[in-house]
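There are 2 protein chains.
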Amino acid sequence: MSQALKLYTWGTPNGFKVSIFLEFLGLKYDAIPVDISKNESKSDWFVKLNPNGRIPTIEDPNFSKGGDSGLVLSQTGAILQYLADTYDKEHKFSYPYGTEEYYKTLEYLVFQVSENGPIQGQANHFILYAPEKVPYGINRYSNDVKRIYGVYEDILSRNKANDSKYLVGDRYTVADFALFGWAVALRVLDIDIHQWPLLGKWHDALFALPQVQKGIRAVPPKWLAEQEKQK
Amino acid sequence: MSQALKLYTWGTPNGFKVSIFLEFLGLKYDAIPVDISKNESKSDWFVKLNPNGRIPTIEDPNFSKGGDSGLVLSQTGAILQYLADTYDKEHKFSYPYGTEEYYKTLEYLVFQVSENGPIQGQANHFILYAPEKVPYGINRYSNDVKRIYGVYEDILSRNKANDSKYLVGDRYTVADFALFGWAVALRVLDIDIHQWPLLGKWHDALFALPQVQKGIRAVPPKWLAEQEKQK
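Line by line, the protein sequences give chains S and W. Residue numbers for the first sequence follow the UniProt record's numbering, so the first one is 1 and each next one is one higher. Residue numbers for the second sequence follow the UniProt record's numbering, so the first one is 1 and each next one is one higher.
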């Protein structure tokens, strides 16, 4: 590939799960900060790229179509799948199209974007951001976040053949990278991921990798900036 | 194909979006009711199939892998994609793998499963099912449901080349079927989809199709059963 991708992003779980995967793929990309605290993702120029007005969005100038080129894509579930399809032809982080592992990866990726992400996002809202204290919401989403990580613990436990190191088979896939984005952010809720032993090991192994450390800093999340200030 | 698929399902938006697509594909399937009101989806036998304990789940005995056969798959975003990949080789309801339309379909499918579905699900909870009245939750999710349908109206409006009939290009895709499952269920929240003119037409066109009418009855939703009792 020749030209750098553009990644419109911010220091949030959905943002850095894409930058982390870009680092694993070794792709050149420009991280373009879209400050969601200033509602930049709802501005006209951004909504043209993503009607839903949320980061992340990518632009890949290398994508060719007819006489034209360039692909604009949003939704991490779609972006991660696109990147794996396009830039992981050797299947270091994916499985061949049409295989059982390919669809199991997709199942757990969808589980992440449709349940782990949205529910943990609601927990963040009620616990950290809501302008009033709503105990019903706090309880509902705290409990469901814990249930969901319990499901992931179960999924890892079923992969004994690979020492429960990966969600699917014998390698990291977009299902792992997507989950990691939110798992690493559990700390802002004061939830210790090590209460699920397999997930704790899984988290620590990924957290130690240089691609993760670099990807997470594409636009550093607040908690990371604060952690580093304290050092 | 030879053997019927198994569809573990219930009369909910996530359930019938799959049965509707199976009807469009003309596939044989056995709908196996899993009564979520009795927590059957949390029972041991079901959790073995889907660690997340939620319908729908499919079993396709025709899937071949090595010497073995059969695929068990959950998460509607994964199930619909699998069915399109496997059983729509002529691309009546999909676009070829790797094309721009393929990824735009995936983007809007993921938008449905990661935002429309979860948020409307929370609205249903706070408005219809929560054991206490929580105004903050009711307002938060009612407003966000309306915002999200506004985004879909915008997406349809961008497809003027095809009279705004479809979310992507010139045909129905899994992005439409997934959204339809939840759009048709807006009536339980007394939200009239016709307040978004393009979505209203889109809904009515799909609702009139025999495949939709049949698919929605695989396990009929409560509101449909009540509607038919009143006739």
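In this text, a Cβ means the ideal position worked out from N, Cα and C, and glycines have one as well.
For residue i, which option in the options has the closest C-alpha, if you only look at C-alpha atoms?
{"i": "S69/S", "options": "L5/S, I55/S, K89/S", "result": "L5/S"}
{"i": "T57/S", "options": "G67/S, K65/S, K42/S", "result": "K42/S"}
{"i": "Y108/S", "options": "W196/W, N50/W, I36/W, A178/W", "result": "N50/W"}
{"i": "T173/S", "options": "Y102/S, I119/S, P118/S", "result": "Y102/S"}
{"i": "E23/S", "options": "Y87/S, K65/S, I36/S, N62/S", "result": "Y87/S"}
{"i": "Q185/S", "options": "K104/S, P61/S, K17/S", "result": "Inspection of the sequence shows that residue 185/S is occupied by Ala rather than by Gln. If we check each option's Cα against that of A185/S, K17/S comes out closest."}
{"i": "I193/W", "options": "G169/W, V72/W, V151/W", "result": "V151/W"}
{"i": "P96/W", "options": "P13/W, P197/W, I20/W, R171/W", "result": "R171/W"}
{"i": "K65/W", "options": "D44/S, G98/S, V72/S, K92/S", "result": "G98/S"}
{"i": "R187/S", "options": "N162/S, A161/S, A205/S, L128/S", "result": "L128/S"}
{"i": "N159/S", "options": "Y82/S, E115/S, H91/S, K104/S", "result": "K104/S"}
{"i": "S157/W", "options": "K48/S, I32/S, I20/S, G26/S", "result": "K48/S"}
{"i": "I119/S", "options": "W182/S, S74/S, F93/S, H91/S", "result": "W182/S"}
{"i": "S94/S", "options": "F21/S, P13/S, D190/S", "result": "F21/S"}
{"i": "Y29/S", "options": "L83/S, E90/S, E226/S", "result": "L83/S"}
{"i": "E90/W", "options": "L73/W, A31/W, L25/W, S19/W", "result": "L25/W"}
{"i": "L73/W", "options": "L27/S, D163/S, L106/S", "result": "L106/S"}
{"i": "L206/S", "options": "A178/S, G67/S, G117/S, Q81/S", "result": "A178/S"}
{"i": "L189/W", "options": "D204/W, G121/W, P210/W", "result": "G121/W"}
{"i": "G117/S", "options": "I36/S, E226/S, P13/S", "result": "P13/S"}
{"i": "S19/S", "options": "D163/S, P210/S, D44/S, D204/S", "result": "P210/S"}
Is the beta carbon of residue i less than 8 Å from the beta carbon of residue j?
{"i": "W10/W", "j": "I79/W", "result": "no"}
{"i": "V113/W", "j": "T76/W", "result": "yes"}
{"i": "V212/S", "j": "G15/S", "result": "no"}
{"i": "L199/S", "j": "E153/S", "result": "yes"}
{"i": "G137/S", "j": "V134/W", "result": "yes"}
{"i": "W202/S", "j": "K165/S", "result": "yes"}
{"i": "S142/S", "j": "A130/S", "result": "no"}
{"i": "Q3/S", "j": "N62/S", "result": "yes"}
{"i": "A175/W", "j": "L167/W", "result": "yes"}
{"i": "E115/S", "j": "I155/S", "result": "no"}
Going by beta carbon distance, what residues of the same chain come within less than 6 Å of residue i, once the five residues before and after it are set aside?
{"i": "P221/W", "result": "G11"}
{"i": "G169/W", "result": "E101"}
{"i": "L71/S", "result": "D60, F63"}
{"i": "K214/S", "result": "E23"}
{"i": "E228/S", "result": "none"}
{"i": "F180/W", "result": "L206"}
{"i": "I36/W", "result": "W10"}
Leaving out the 5 sequence neighbours to the left and right, which residues in its chain are closer than 7 Å to residue i when beta-carbon positions are compared?
{"i": "V34/W", "result": "Y8, T9, W10, E40, S41, F46, I55"}
{"i": "F126/W", "result": "V134, G137, I138, Y141"}
On the DSSP letters alone, give me the boundaries of the alpha helix (DSSP H) that residue i sits inside.
{"i": "D204/W", "result": "197-207"}
{"i": "V47/S", "result": "44-49"}
{"i": "G137/W", "result": "135-157"}
{"i": "L189/S", "result": "No alpha helix (DSSP H) contains L189/S, which DSSP labels as neither H nor E."}
{"i": "S2/W", "result": "Segment: none, S2/W is in no alpha helix (DSSP H) and carries neither H nor E."}
{"i": "Y102/W", "result": "100-111"}
{"i": "I119/S", "result": "117-124"}
{"i": "S41/S", "result": "Counting along the chain, S41/S falls outside any alpha helix (DSSP H), and DSSP gives it neither H nor E."}
{"i": "V18/W", "result": "13-25"}
{"i": "F177/W", "result": "174-183"}
{"i": "V212/S", "result": "210-215"}
{"i": "K229/S", "result": "222-230"}
For residue i, which residues from the same chain have a beta carbon less than 8 Å from its beta carbon, with the 5 sequence-adjacent residues on both sides left out?
{"i": "L224/S", "result": "G11, I216, R217"}
{"i": "I32/W", "result": "K6, L7, Y8, T9"}
Can you tell me where the beta strand (DSSP E) with residue i in it begins and where it stops?
{"i": "E59/W", "result": "57-65"}
{"i": "T9/S", "result": "5-9"}
{"i": "V72/W", "result": "68-74"}
{"i": "D163/S", "result": "Here D163/S belongs to no beta strand (DSSP E), and DSSP marks it neither H nor E."}
{"i": "K30/W", "result": "Checking the sequence, you will find Asp at residue 30/W rather than Lys. First-last of the beta strand (DSSP E) with D30/W: 29-33."}
With a threshold of 7 Å (Cβ to nearest heavy atom), would residue i be considered close to the ligand NAD?
{"i": "L80/S", "result": "With respect to the ligand NAD, the structure shown offers nothing to examine, as it has no ligands at all."}
Give a yes or no on whether 8 Å exceeds the smallest Cβ distance from residue i to chain B.
{"i": "P118/S", "result": "Checking the listed chains, one finds no chain B in this structure; the protein chains it contains are S and W."}
- Task: Give the residues from the stretch 64-79 of chain W that approach chain S closer than 7 Å (Cβ to any Cβ), ordered along the chain.
- Result: K65, L71, L73, S74, Q75, G77, A78
- Query: Which residues, taken in chain order from the stretch 34-53 of chain S, show a beta carbon closer than 7 Å to some beta carbon of chain W?
  - Reply: P51, N52
- Task: Give, in chain order, every residue of the stretch 141-163 of chain S whose Cβ lies closer than 7 Å to some Cβ of chain W.
- Result: V151, D154, I155
- Within 9 Å of chain S by C-beta, residues of the stretch 80-98 of chain W in sequence order: Q81, Y82, D85, T86, Y97, G98
- Item | Against chain S: residues of the stretch 161-182 of chain W by CB proximity under 8 Å | none
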